[in-house]
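Student: Could you have a look at this structure, given as structure tokens, before my questions?
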Ligand code: THU
């Protein structure tokens, strides 16, 4: 028998250690929380994506009384960015969450469905998406969604001859 140990690299820092672009992306994600439609959970999530053309796209979670019909902030934003600018690869993404009258102390992490969608973007544009997860206490930086989605299903498994 053998064991496989997977290694996940996450950089932990605080806001003051970020550069201006990273700060701007986080502030845009925080602003987007304010426009979320989250009347069922009161958990407002904002996302901001920096594209290769320097444009920043932002979005948030959109809930529905039929719960599965809602969508997370990450997918709202990435799908919009891809539909509006299909030729622009997403370089970096920031995520923030606001609940109980405040931004969360610790960062939230994308759900499984969002991880899969971010992975699709990385594969589509052949480029990693850097992810900044905002928390008031700590910010997590992840260089690629592959760190959060090890052993992911990809095209090589769908079509082994490619
Ligand atoms: N949510 C997001 O938008 N992104 C995440 O990463 C986690 C959860 C949303 C979905 C739902 O509207 C609310 O937060 C509570 O789960």
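Numbering (this note's numbering), first residue to last: -14 to 147.
Using N, Cα and C, we set each Cβ at its ideal position, and we do this for glycine too.
Under 6 Å, CB to any heavy atom of ligand 1. Which residues pass, going along the chain?
Tutor: 23, 26, 28, 30, 46, 48, 55, 57, 58, 59, 93, 95, 96 and 99
Student: What is the DSSP secondary structure of residue 73, reduced to helix, strand or coil?
Tutor: Indexing the chain shown from 1 puts residue 73 at position 88. In the structure shown, residue 73 sits in coil (DSSP, three-state: anything other than H, G, I, E or B).
Student: How would you call residue 19, buried or exposed, if buried means at least 16 neighbouring beta carbons within 10 angstroms?
Tutor: For the purposes of this step, residue 19 is identified with residue 34 of the chain shown, where counting begins at 1. So residue 19 ends up on the exposed side.
Student: Nearest by alpha-carbon distance to residue 45: which of 54, 59, 36 and 52 is it?
Tutor: Locating residue 45 in the chain shown gives position 60, where the first residue counts as 1. Selected option, being the one with the closest Cα: 59.
Student: With a threshold of 7 Å on Cβ separation, who are the neighbours of residue 47 within its own chain once the five nearest residues in sequence on each side are excluded?
Tutor: As a first step, residue 47 is located in the chain shown; it is residue number 62 there, counting from the start. If the five residues before and after residue 47 are omitted, its C-beta is found closer than 7 Å to the C-beta atoms of 22, 55, 56 and 61, all from its own chain and listed in chain order.
Student: Can you list, in chain order, the residues of its chain whose CB lies under 7 Å from that of residue 90, leaving out five sequence neighbours each side?
Tutor: Walking along the chain shown from the start, residue 90 turns up at place 105. Hits under 7 Å: 120, 121 and 122.
Student: Going by DSSP, name the residue or residues bridged to residue -3.
Tutor: Walking along the chain shown from the start, residue -3 turns up at place 12. Answer is 125, bridged to residue -3.
Student: Beta-carbon of residue 32 versus every beta-carbon of chain D: anything under 7 Å?
Tutor: Annotation note: the requested chain D is absent from the structure, which comprises a single protein chain.
Student: So which of 72, 24 and 93 has the shortest CA-CA distance to residue 106?
Tutor: Residue 106 sits at position 121 when you count from the first residue of the chain shown. Comparing Cα-Cα distances from residue 106 to each of 72, 24 and 93, the minimum goes to 72.
Student: At what residues does the beta strand (DSSP E) containing residue 33 begin and finish?
Tutor: Residue 33 sits at position 48 when you count from the first residue of the chain shown. 29 to 36 is the extent of the beta strand (DSSP E) around residue 33.
Student: Which value, in whole angstroms, describes the spacing of the CA atoms of residue 28 and residue -14?
Tutor: If you number the chain shown from 1, residue 28 lands on position 43. If you number the chain shown from 1, residue -14 lands on position 1. Residue 28 and residue -14: Cα-Cα distance of roughly 44 Å.
Student: Just to confirm before moving on: does the CB-CB distance between residue 130 and residue 93 stay below 7 Å?
Tutor: Residue 130 sits at position 145 when you count from the first residue of the chain shown. Residue 93 sits at position 108 when you count from the first residue of the chain shown. For residue 130 and residue 93, no; Cβs fall outside 7 Å.
Student: Who are residue 47's beta bridge partners in DSSP?
Tutor: Here residue 47 corresponds to residue number 62 of the chain shown, with the count starting at 1. Under DSSP, residue 47 takes part in a beta bridge, and its partners are 22 and 56.
Student: Buried or exposed for residue 117, please, with buried defined as at least 16 other CB atoms from any protein chain shown within 10 angstroms of its CB.
Tutor: Position 132 of the chain shown holds residue 117. Buried is the call here.
Student: Cα-Cα, which of -6, 109 and 9 is closest to residue 0?
Tutor: Taking the chain shown and counting its residues from 1, one reaches residue 0 at position 15. Closest option to residue 0, Cα to Cα, is 9.
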